[in-house]
Amino acid sequence: MLELYDVVELREAIPGEELPAGATGAVVRVFNGPPPAYEVEFADADGRTVAMVTLRADQVVQRGAGRSPVNG
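The working numbering puts the first residue of the sequence shown at 150, with every later residue one more than the last.
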């Protein structure tokens with residue numbers, strides 16, 4: 150399970166938010182479910198928030214964790 154401030158990568162694009170697969174963001178809220186879900190903030194290179202999206206565990210991969218799906 151992810152924790153607050155973990156860095157994650159999108160497994161799939163979120164077209165409605167203009168977020169491509171592979172976009173990286175930070176977990177800013179954890180919903181323990183069931184099923185578990187995460188509020189993830191995505192920012193541009195200047196640190197400005199470009200999207201804040203609630204995602205299921207299977208939609209993200211934790212960066213630096215062997216790139217395996219997050220288990221909830």
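Just so it is clear, CB atoms sit at the ideal spot from N, CA and C, and this is done for glycine as well. What you are looking at is a predicted structure, and each value in this text was computed from that prediction instead of being measured.
Pick helix, strand or coil for A186, following the three-state DSSP scheme.
Within the sequence shown, numbered from 1, the residue matching residue 186 stands at position 37. A186 falls in the strand class under three-state DSSP.
For D155 and V176, believed in contact at Cβ under 8 Å, the rounded distance:
As a first step, residue 176 must be located in the sequence shown, where it is residue number 27. As a first step, residue 155 must be located in the sequence shown, where it is residue number 6. Contact flag correct, Cβ pair sits at about 5 Å.
Whose C-alpha, out of R160, L151, P183 and R178, is nearest the C-alpha of M201?
Locating residue 201 in the sequence shown gives position 52, counting from the first residue. Nearest option by C-alpha distance: R178.
Which same chain residues end up closer than 7 Å to Q208 when comparing Cβ atoms and leaving out the 5 residues on each side of it in sequence?
As a first step, residue 208 must be located in the sequence shown, where it is residue number 59. Its chain contains L159, R160 and E161 as the residues whose beta carbon lies nearer than 7 Å to that of Q208, once the 5 sequence neighbours on both sides are disregarded; these appear in chain order.
Short of 7 Å in beta carbon distance, which residues of its chain neighbour L204, apart from the five on each side in sequence? Order them along the chain.
Here residue 204 is taken as the residue at index 55 of the sequence shown, counted from 1. Around L204, the same chain offers A186, Y187 and V189 as residues with beta carbons nearer than 7 Å, after the five sequence neighbours per side are excluded.
What is the DSSP secondary structure of E158, counted as helix, strand or coil?
Numbered from 1 along the sequence shown, position 9 holds the residue referred to as residue 158. In this structure, E158 counts as strand in the three-state DSSP scheme.
Which residue's Cα is closest to the Cα of L153: I163, G174, L168 and P169?
Reading the sequence shown from its first residue, position 4 is the one you call residue 153. For L153, the nearest C-alpha among the options comes from G174.
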